[in-house]
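Numbering (our numbering), first residue to last: 81 to 333.
Where is the CB? At the ideal position from N, CA and C, for every residue including glycine.
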DNA sequence: AAATACTACAACCGCAAGCGG
DNA sequence: GCCGCTTGCGGTTGTAGTATT
């Protein structure tokens, strides 16, 4: 996986701070045309005065196709709460279950929003109000701490094309510690058509068509076409056998 | 209108793991 | 086995925008 060490020992003064639109354009153009390959060589070849690490981060967190922008949905927050309870601060693993969201984005959202809501929730549990008005918290007006165990039917759907647009998506379902999370979500997530990302997917070559989820679908007799036009469970996509599992078993709040 | 405080998010830093020479 | 390098991850800091005083 590692590329050849570069001999770039020149004391290059790397630029820091926010990226300009011009830098974004250069990086995007380069990666789309040539792929990133070895990140340390990207800034050199792309004509950027950044280090490879910075380029990689910018691409993954901001420029990569398929990223969602904008506010987190209620369902997404629900997943984050659930997975954080299961996995802790394993943001990269959590991000695998939120297509289009980056670990950095989830981490930031956790620290700026969800952590406070969790604290608020715990406070309410420690100091429950006696009047009935407090029950309004879960009635929809206040979304502080999503009632994750409330219902499975309200849980999110996952865009198949979103999954495969993540160029390095490799869920570690084989690891025992992750299986509860995978199982939990496999019960609740379905893949469905995404015309917006279909073309994105079709542009990708090689690595994505060989991805584990694509292979599993093909081996199960599901055509590429069907992957976009058929609702499937995560089980079908990943060939995951979770046994008898209930998401509620793993709720922590 | 200006100053200050707060919030959200982008980016950096340090560390650990993996890999090839 | 050691060393140097790259990559990935999580914690932390910096910055810009917004709200409040």
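Local conformation of residue i per DSSP, three classes
{"i": "residue 116", "result": "coil"}
{"i": "residue 108", "result": "helix"}
{"i": "residue 134", "result": "helix"}
{"i": "residue 287", "result": "Low local confidence applies: a pLDDT of 33 at residue 287 is under 50, so the model's placement there is unreliable, with the coordinate-based value given in what follows. Residue 287: coil per DSSP, three-state reduction."}
{"i": "residue 121", "result": "helix"}
{"i": "residue 236", "result": "Reliability fails at residue 236, whose pLDDT of 39 lies under 50, so the model's placement of it is uncertain and the value that follows must be treated cautiously. It is coil, neither helix nor strand."}
{"i": "residue 98", "result": "coil"}
{"i": "residue 296", "result": "For residue 296, the predicted structure reports a pLDDT of 44, less than 50, and the residue's modelled location is therefore unreliable. The matter cannot be settled from this model."}
Option nearest residue i by Cα separation, candidates the options
{"i": "residue 94", "options": "174, 108, 120 and 105", "result": "120"}
{"i": "residue 137", "options": "156, 197 and 96", "result": "96"}
{"i": "residue 126", "options": "104, 182 and 198", "result": "104"}
{"i": "residue 145", "options": "101, 179, 102 and 188", "result": "179"}
{"i": "residue 197", "options": "182, 148, 183 and 154", "result": "154"}
{"i": "residue 129", "options": "192, 176 and 107", "result": "107"}
{"i": "residue 183", "options": "162, 141 and 152", "result": "141"}
{"i": "residue 152", "options": "185, 114 and 165", "result": "185"}
{"i": "residue 181", "options": "167, 143 and 166", "result": "143"}
Where residue i falls, given that 16 or more other Cβ within 10 Å makes a residue buried
{"i": "residue 194", "result": "buried"}
{"i": "residue 98", "result": "exposed"}
{"i": "residue 100", "result": "exposed"}
{"i": "residue 177", "result": "buried"}
{"i": "residue 159", "result": "buried"}
{"i": "residue 175", "result": "buried"}
{"i": "residue 110", "result": "buried"}
{"i": "residue 150", "result": "exposed"}
{"i": "residue 134", "result": "buried"}
{"i": "residue 191", "result": "exposed"}
{"i": "residue 132", "result": "buried"}
(Q) If we require 4 or more residues per run, which alpha helix (DSSP H) segments fall completely within the stretch 140-209? (A) The stretch 140-209 contains, as complete alpha helix (DSSP H) runs of 4+ residues, the segments 154-167, 171-175, 183-189 and 195-206 (chain order).
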